[in-house]
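Comments concern the structure below.
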Amino acid sequence: MKIKFFGIISVILSFTFILSVGIFPSNAAALNESKDDNIFACAEELKNEYINSALIQAQPMDADCETRNYEATIYYNQIIEHIDTYNDELRSHFSGAKINDEGYLVISLCCETDFCENYIKENFDFQNIIFEKGKGSYYYGQQKLNEINKKIASLQEEKVNGKNINADEKEMMELYPCTKYNDEDNTITIIFSVSEETEKAIEKSIKDKNGKLACDSKAQYSQSEISEIKKYNNAVDTFKSSILNEPDISYCTNSKSEYIIEDQAATEPWRPGRKIMVYNNPNEGTGSQLSTGYRAKYKDNGVIYYGFVTCGHGTSVGNSVYMENDTDPAHKLGVILARSYENTIDVSFIRMTNSGYSNGNAIYYTSSQPGVTRPGTVLDGTQATASLNSQIYKSGQTTYLTIGYVNSTSFAAYSGNVYFYDMLLSDRIMGGSGDSGAVTYITNTGTVSGKAVGIYKGNTSNKSVFIKASNIKASFGAEAY
Ligand SMILES: [Zn+2]
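Each residue of the sequence shown is one higher than the one before, starting from 0 at the first, in numbering that gives the first Met the number 0.
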């Protein structure tokens, strides 16, 4: 089914939720031209998004707002479940949803009529939600995004293994292509990482409506700059022939390493003061310091195991998981039963084997101050998917309790040699070395209960990245309980 992405008049919600109205050209080629004119603005915008790198705590929402944020997330999940299940008009006309500064859910619809708005009002028991004019179909935009991401991930894997990849594809993969999902119109931008020198060469060049560059006769270029421009153009061509060629995909470059994640597991000598350590063999004296994710059950060969999820990096199947830093068997919590580190997930499952510990759902670090583990949020044993701009919490061993807001629900980036996609990105740094795997959740102030939305993975230059609980369930088979 081909979806028309471009309406005549659309309303764009900016990230700061200031409403602006724009008139868009009604055909794809014209839109594409205006987008490619913006390639430098796009690169500039990316740079400005990543300026600071310190952990900055968000001010928590007030209690009423947090309760609405929680309810809005539940509504959001109901809508997403509906469009995933039913091939109806809402699937085509739902343009996305986000939570506004007051904690209310804002649903964007791209209908010409009020059919979908009425449909939602009649079929869902929602209160206090806001409707906005949207652009494009979230469902079909996400499907296309997933198709592109799978192909990039598989090319990346083949690049690392040196198999089934041709010279053009290999050259394109040297530029670490990453998808960026444009929530305001459900289109996709492909970002190629280039050196700062290359970016300068690109800045003095002329781009055409197909996203390709030509040298400006008024500017001076070195031989290496010319070859870098050629490399970028080849990458755009290769993307179109090997991955997907659609007119509403735009292309952009980025000279910094925002799309490289630094995983935040610490590997260091065995020493006091850390909560969860994962060892191949405790006598080796070193291990990965990680944080516990949410309580989960994992099905293997028809048998259900109970335990917790944590990150996949820093672990191997069969590793031992300890709660204290000694070799006392009483301190052994369990073993890594399964692990996956690819595509949308960086996760492992800890099978609990120590009868001295039961599997709890109360969040451990309940303050941003060290050592505070008094009763706070208790997870209700279910999981949810966080919406754009929703408030999320992370609790981990290094930075304890942190609060931030969801900046992207479709973040893609490279971690070492692996391309990851469909992750959550926060608006700030929410963790540090040793927080990897930490539970990430939403809370409902009124009832002190919470729902798992994922686990902390690592940081880009000034934001944090989280693996979604929904992907851990769908692609790995571990589910919150
Ligand atoms: Zn409609």
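Yeah, the Cβ is synthetic: ideal placement off N, Cα and C, and Gly gets one too.
Remember, it's a predicted structure, so these values are computed and weren't measured experimentally.
Can you name the start and end residues of the beta strand (DSSP E) that residue 443 belongs to?
438–443
Give me every residue whose Cβ sits closer than 5 Å to any heavy atom of ligand 1, in chain order.
88, 92, 110, 114, 115
Sequence-distant residues of the same chain with beta carbon closer than 6 Å to residue 407, five excluded per side:
424
Whole angstroms is fine: what's the gap from residue 34's alpha carbon to residue 211's?
In this predicted model, residue 34 has a pLDDT of only 34, less than 50, meaning its place in the structure is not dependable; the value taken from the coordinates is given anyway. Each residue's alpha carbon lies about 12 Å from the other.
DSSP bridge partner residues for residue 289 (one or two, in chain order):
275
Determine the contact status of residue 136 and residue 185, defining contact as a CB-CB distance below 8 Å.
yes
Do you know whose CA, among 173, 139, 126, lies nearest residue 85's CA?
For residue 85, the nearest C-alpha among the options comes from 139.
Look up residue 67 in the DSSP assignment and give the residues it is bridged to.
Beta-bridge pairing links residue 67 to no other residue.
Rounded to the nearest angstrom, how far is the Cβ of residue 286 from that of residue 295, given a contact under 8 Å?
At roughly 22 Å, the Cβ-Cβ gap does not stay under 8 Å, so residue 286 and residue 295 are not in contact.
Should the stretch 172–181 be called in touch with the stretch 404–423, which here means at least 3 C-beta pairs below 8 Å?
yes
Classification of residue 366 by the beta-carbon crowding that lies within 10 angstroms, buried from 16 upward:
exposed
So for residue 390, helix, strand or coil by DSSP?
strand
Does DSSP put residue 396 in a helix, in a strand, or in coil?
coil
Where residue 549 and residue 331 are concerned, what is the direct C-alpha to C-alpha distance, given to the nearest angstrom?
Lying before the first or after the last residue shown, residue 549 is absent from the chain, which here runs from 0 to 480.
For the putative contact between residue 79 and residue 384, defined by C-beta atoms under 8 Å, what is the C-beta separation to the nearest angstrom?
Confirmed, Cβ separation roughly 6 Å.
Element boundaries [alpha helix (DSSP H), containing residue 54]
Neither: residue 54 is in no alpha helix (DSSP H) and is coded neither H nor E.
Own chain, CB closer than 7 Å to residue 317, minus 5 neighbours either side, in chain order
334, 335
Using the Cβ count rule (16 or more neighbours within 10 Å means buried), how would you classify residue 222?
exposed
Supposed close pair residue 438, residue 292 - CB separation, criterion 8 Å:
5 Å
Looking at the C-beta of residue 278, does it have a partner C-beta in chain B at a distance below 8 Å?
This model lacks chain B altogether; it includes just one protein chain.
Bridge partner(s) assigned by DSSP for residue 307:
294, 349
With a threshold of 8 Å, are at least 3 pairs of Cβ atoms found where one atom belongs to the stretch 158–170 and the other to the stretch 229–243?
yes
Neighbour-count burial assignment, residue 479, 16 or more Cβ in a 10 Å radius
buried
Where does residue 178 fall in DSSP's three states?
strand
Through-space distance from residue 376 to residue 312, alpha-carbon basis
For the pair residue 312 and residue 376, the Cα-to-Cα distance works out to about 27 Å.
Spatial neighbours of residue 372 in its chain, beta-carbon cut-off 8 Å, leaving aside the 5 residues before and after:
Taking C-beta separations shorter than 8 Å and ignoring five residues to either side along the sequence, the partners of residue 372 in its chain run 363, 364, 365, following chain order.
The beta strand (DSSP E) with residue 316 in it runs from where to where?
Counted as a single uninterrupted DSSP element, the stretch harbouring residue 316 is not any beta strand (DSSP E), since DSSP gives it neither H nor E.
Under 8 Å: do the stretch 441–455 and the stretch 392–401 share three or more Cβ pairs, one atom per stretch?
yes
Roughly how many angstroms lie between the CA atoms of residue 192 and residue 199, to the nearest whole one?
13 Å
For residue 403 and residue 322, I'd like the C-alpha separation in whole angstroms.
The alpha-carbon of residue 403 is positioned some 28 Å away from that of residue 322.
Range covered by the alpha helix (DSSP H) that runs through residue 140
In the DSSP annotation of this structure, the continuous segment of the alpha helix (DSSP H) that includes residue 140 starts and ends at 137–160.
Cα-Cα separation, residue 183 to residue 203
29 Å
So, does the stretch 109–128 touch the stretch 147–159, judging by three or more C-beta pairs under 8 Å?
no
Cβ-based burial, residue 224 [other Cβ within 10 Å; buried from 16]:
buried
For residue 421, the first and last residue of its enclosing beta strand (DSSP E):
417–425
Range of the contiguous alpha helix (DSSP H) that encloses residue 88:
88–92
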